[in-house]
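Asker: Got a structure for you, questions after.
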Amino acid sequence: LVWVHAPRGSRMRRGLDRDGDEHAEAWRRWSVQEDALFAREHTRSRADVRIGNDDSSAAPGLNK
Numbered sequence: 004l005v006w007v008h009a010p011r012g013s014r015m016r017r018g019l020d021r022d023g024d025e026h027a028e029a030w031r032r033w034s035v036q037e038d039a040l041f042a043r044e045h046t047r048s049r050a051d052v053r054i055g056n057d058d059s060s061a062a063p064g065l066n067k
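If you're matching positions, the sequence shown starts at 4 in the numbering used here and goes up one per residue.
Listed below in structure tokens is the structure:
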């Protein structure tokens, strides 16, 4: 299992760049669901490899 981490703002910006700003609310709902899934399944701690991606172009205030 490989865990790839990027700050929430980076992930949000990439998704909105691809899908358009009209999908912002759907992306926010999805990110809450994703957080719950990863917490419930302990996904990060079960990973064999962890890769980080710190993208400085992240939308301000959205990093987690």
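Note that CB positions come from ideal geometry on N, CA and C, so glycine has one too.
All values derive from a computational prediction rather than experimental measurement.
1. What would DSSP say about His45, mapped onto helix, strand or coil?
2. Which class does Gly12 belong to by DSSP, given the choice of helix, strand or coil?
3. Given a cut-off of 8 angstroms, decide if Val5 and Ala39 are closer than it, judged by their beta-carbon atoms.
4. Taking the CB atoms as reference points, tell me whether His143 and Leu19 lie closer together than 8 angstroms.
5. If you draw a straight line from the C-alpha of Pro10 to the C-alpha of Trp30, how long is it?
Answerer: Taking the definition as stated:
1. As a first step, residue 45 is located in the sequence shown; it is residue number 42 there, counting from the start. Of the three classes helix, strand and coil, the one that applies to His45 here is coil, per DSSP.
2. The residue labelled residue 12 in the question sits at position 9 within the sequence shown. Helix, per DSSP.
3. The sequence position of residue 39 within the sequence shown is 36, counting from 1. The sequence position of residue 5 within the sequence shown is 2, counting from 1. Taking 8 angstroms as the Cβ cut-off, Ala39 and Val5 do not qualify as a contacting pair.
4. Residue 143 lies beyond the stretch modelled for the chain, which goes from 4 to 67, so this question has no answer here.
5. Along the sequence shown, read from residue 1 onward, the residue named residue 10 stands at position 7. Along the sequence shown, read from residue 1 onward, the residue named residue 30 stands at position 27. Taking the straight line joining both Cα atoms gives about 14 angstroms.
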